[in-house]
Amino acid sequence: MVGKFLNLKLILVLLFTVFILVIISLGSVFPNASNQGYTPTQPIAFSHKIHVGTNKIGCMYCHTGAERSRHATVPALSICMNCHRVVGLDKPDVQRLLKNFQEKKPIEWIRVHELADYVYFPHKRHVKVGVACEICHGDVKNMDVIEQYAPLTMGWCIDCHRGITTPKQLLSRLKPKEDHYKEVCPTHCTACHN
Ligand code: HEC
Ligand code: HEC
Ligand code: HEC
Ligand code: HEC
Ligand code: HEC
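Going by numbering that gives the first Met the number 0, the residue at position 16 of the sequence shown is 15; the numbering climbs one at a time, nothing skipped.
Here it is in C-alpha cells:
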C-alpha cells in the first residue's frame with residue numbers, strides 16, 4: 000500500500016515537472032512580441048551619454064542613414080577614428096578600438112532593435128517629416144547603455160499612424176483634424192507589410 004502511494008506521488012511530481020518544462024519551452028517558441036527594455040552588453044562600452052550628452056555630438060554624425068535611407072545604420076570604425084586617434088587613448092576600451100582598427104576588424108555590435116523581416120520601416124520618412132529620434136528611442140543622450148525604449152509592436156506603430164499617440168505639434172503639421180482618431184499616416188496593411 001505504502002509503495003503504491005509513493006509511486007502515485009512520484010508520478011504526480013514527474014507530471015508536474017513535465018508541465019512546468021513545457022510551459023517554459025513554449026515561452027521560448029513564442030517569445031514576448033516585444034523586446035521593450037532590451038539592453039544587451041556590447042563588445043565595447045560605447046556610451047551615448049558621453050558622446051551625445053557630454054560632448055554634444057549630433058545623432059546624424061554617426062547615424063547618417065536615418066535621414067537618407069531605410070536604415071539609420073551603426074557607424075563604421077573609421078568614424079570613431081575621426082576622434083579616437085587622439086582622444087581618450089588612456090581608456091582600455093579606446094585602446095581596443097584602435098587595435099581593431101589596425102587589424103581591420105569591425106566591432107561586432109549586438110543589434111538592439113530588430114523588427115521581423117515582414118515589416119517595412121523606413122527611417123527616412125519619419126525623420127524627414129520631423130518625428131524626433133527621442134519619440135521612438137527615448138532619452139538617448141542620457142543613456143550609458145542604449146536600450147529598446149518603445150515596444151515596437153504593430154499596435155504601437157498604428158496608434159501613432161491613426162493620430163492617437165501622435166505628438167501634437169506633428170499632428171497639426173500633418174493633417175489638422177477635429178477628430179483625433181482619424182488616421183494621419185497610412186494604416187493599410189501593405190504600407191508596412193509587402
Ligand atoms: C559618436 C557616434 C554616435 C552618436 C553621436 C550617436 N550614436 Fe547611436 N550608436 C552608436 C554606436 C556605436 C551604436 C552601437 C553600439 C550601441 O548599441 O551602444 C549606436 C546605437 C544606437 C541605437 C541602437 C541600435 C540598435 O542596434 O538597435 C540607437 C537607437 C541609437 N544609437 C540612437 C542614437 C540617437 C537617437 C542619437 C542622438 C541622440 C545617437 N544614437 C547618437 C554611435 C553613435
Ligand atoms: C518612428 C519611430 C522611429 C524614429 C523617429 C527613429 N527610429 Fe530608429 N528605429 C526605429 C525602429 C522601429 C527600428 C528597428 C528597425 C528595423 O528593425 O528594421 C530602429 C532602429 C534604429 C537603429 C538600428 C539600426 C537600423 O537602422 O536599423 C538605429 C541606429 C536608429 N534606429 C537610430 C535612429 C536615429 C539616430 C533616429 C533619429 C534621427 C531614429 N532612429 C529615429 C524607430 C524609429
Ligand atoms: C567627435 C569625436 C568623437 C567620436 C567621433 C567618437 N568619440 Fe568616443 N569619445 C569622445 C570623447 C571626447 C570621449 C571622452 C574621452 C575622455 O573622457 O577622456 C570619448 C570616449 C569614448 C570611450 C571611453 C569611455 C570611457 O570612459 O571608458 C569609448 C569606448 C568611445 N569613446 C568609443 C567610441 C566609439 C566606438 C566611437 C565610434 C562609434 C566613438 N567613440 C566616436 C569623442 C568621440
Ligand atoms: C510617433 C509616430 C510614429 C510612429 C511610432 C510610427 N510612425 Fe510610421 N509614420 C509616421 C508619420 C508621421 C509618417 C508620415 C510621413 C510622411 O508623411 O511622409 C509615417 C510614415 C510611415 C510609412 C510610409 C507610408 C507610406 O507609404 O507613405 C511607413 C511604411 C511607416 N510609417 C511604417 C511604420 C512602422 C512599421 C512603425 C512601427 C515600427 C511606424 N511607422 C511607427 C509616424 C509614426
Ligand atoms: C504602421 C505599420 C503597420 C501596419 C499599417 C500594419 N502592420 Fe502588421 N505589424 C507591424 C509591426 C511593427 C508588427 C510586429 C513585428 C514584430 O514583432 O517584429 C506587425 C505584425 C503583424 C503580424 C504578426 C502577428 C503579430 O501580431 O505580431 C500580422 C499577422 C500582421 N502584422 C498583419 C497586419 C494586417 C492584416 C494589417 C492591416 C490590417 C497590418 N498588419 C498593418 C506593423 C504594421
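We put the beta carbon where it would ideally sit given N, CA and C, even for glycine.
Residues near residue i by beta carbon distance below 6 Å, same chain, minus five either side
i, result
"TYR117", "HIS192"
"HIS112", "GLN147"
"LEU173", "VAL183"
"CYS58", "CYS132"
Per-residue DSSP class, three states only, for residue i
i, result
"ALA65", "helix"
"HIS83", "helix"
"CYS158", "Position check: residue 158 holds Asp in this sequence, whereas Cys was assumed. Residue state, collapsed to three classes: helix."
"GLN41", "coil"
"ARG110", "coil"
"PHE120", "coil"
"GLU133", "helix"
"HIS192", "coil"
"TYR148", "coil"
Heavy atom of ligand 4 within 6 Å of residue i beta-carbon
i, result
"VAL130", "yes"
Check: residue i C-beta below 6 Å from any heavy atom of ligand 3
i, result
"PRO74", "yes"
heavy atom of ligand 1 below 6 Å from residue i C-beta
i, result
"ILE56", "yes"
Chain-order list of residues whose beta-carbon lies under 7 Å from that of residue i (same chain, five-residue window excluded)
i, result
"TRP155", "ALA149"
"HIS47", "VAL139, LYS140, MET142 and ILE145"
"ILE157", "THR186"
Closer than 6 Å: residue i CB and nearest ligand 5 heavy atom
i, result
"ALA115", "yes"
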